[in-house]
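Peer 1: Pasting a structure here, questions to come.
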Amino acid sequence: METKINWDFMGVATSLACAIHCALLPILVSTLPVFGINIIHNSTFEWGMIGIAFIVGSYSLFHGYIKHHRSLSPIYIFTAGFLLLVLKQFFHPIENWFLLFAVPLIIGAHFQNYRLCQRQKCASPHHQH
Numbered sequence: 001m002e003t004k005i006n007w008d009f010m011g012v013a014t015s016l017a018c019a020i021h022c023a024l025l026p027i028l029v030s031t032l033p034v035f036g037i038n039i040i041h042n043s044t045f046e047w048g049m050i051g052i053a054f055i056v057g058s059y060s061l062f063h064g065y066i067k068h069h070r071s072l073s074p075i076y077i078f079t080a081g082f083l084l085l086v087l088k089q090f091f092h093p094i095e096n097w098f099l100l101f102a103v104p105l106i107i108g109a110h111f112q113n114y115r116l117c118q119r120q121k122c123a124s125p126h127h128q129h
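Take the sequence shown: its letters are residues 1 to 129, numbered as in the numbering used here.
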């Protein structure tokens, strides 16, 4: 039996994980050093999360565009959100403002892509029904 992966769901989950990381880590800042963990403003970790979001999002959205719906709107929405996500890396004092808009845009792009695929009655092994 073949396992099907819903890449839009993975994109939403990745975006939410990033948002949770950015929102909850400041609360946990006092306990992390006790365990020797430093992922707040850790460039490697932050860029890794952004890279995962880009890979999952790009694959999902381009797959939906090429194989199913031919609508560029999810890609445009994702691009806007992704650019804000990258900009937050360079403007740490106001990074939460960038995230406030980046996360909903990225999640919205995945929801729109999923909805467009469903509208076209996708029979792809990459989307669950």
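Note that CB positions come from ideal geometry on N, CA and C, so glycine has one too.
From which residue to which residue does the alpha helix (DSSP H) around Ser-43 run?
Peer 2: 43-64
Peer 1: Nearest by alpha-carbon distance to Phe-54: which of Gln-120, Asn-96, Ala-13 and Ile-5 is it?
Peer 2: Looking at Gln-120, Asn-96, Ala-13 and Ile-5, the one whose alpha-carbon comes closest to that of Phe-54 is Ala-13.
Peer 1: Classify Pro-93: buried if its beta carbon has 16 or more other beta carbons within 10 angstroms, exposed otherwise.
Peer 2: Flag for Pro-93 reads exposed.
Peer 1: Going by DSSP, what residue range makes up the alpha helix (DSSP H) through Phe-111?
Peer 2: 95-119
Peer 1: Taking 8 Å as the threshold (C-beta atoms), are Ser-60 and Trp-7 in contact?
Peer 2: yes
Peer 1: Here's the rule I'm using: 16 or more other beta-carbon atoms within 10 Å means buried, otherwise exposed. How should Phe-98 be labelled?
Peer 2: buried
Peer 1: Which residues bound the alpha helix (DSSP H) around Leu-72?
Peer 2: Per DSSP, Leu-72 belongs to no alpha helix (DSSP H) and is neither H nor E.
Peer 1: Quick one: using the 10 Å Cβ neighbour count with 16 as the cut-off for buried, is Leu-83 buried or exposed?
Peer 2: With a threshold of 16 other beta carbon atoms within 10 Å, Leu-83 falls short and is exposed.
Peer 1: What would DSSP say about Phe-90, mapped onto helix, strand or coil?
Peer 2: coil
Peer 1: How about Ala-109 and Ile-66: are their beta carbons less than 8 Å apart?
Peer 2: Contact flag unset, no.
Peer 1: Going by Cα to Cα distance, which pick from Leu-16, Ile-20, Ile-52 and Leu-105 is closest to Ile-75?
Peer 2: Leu-105
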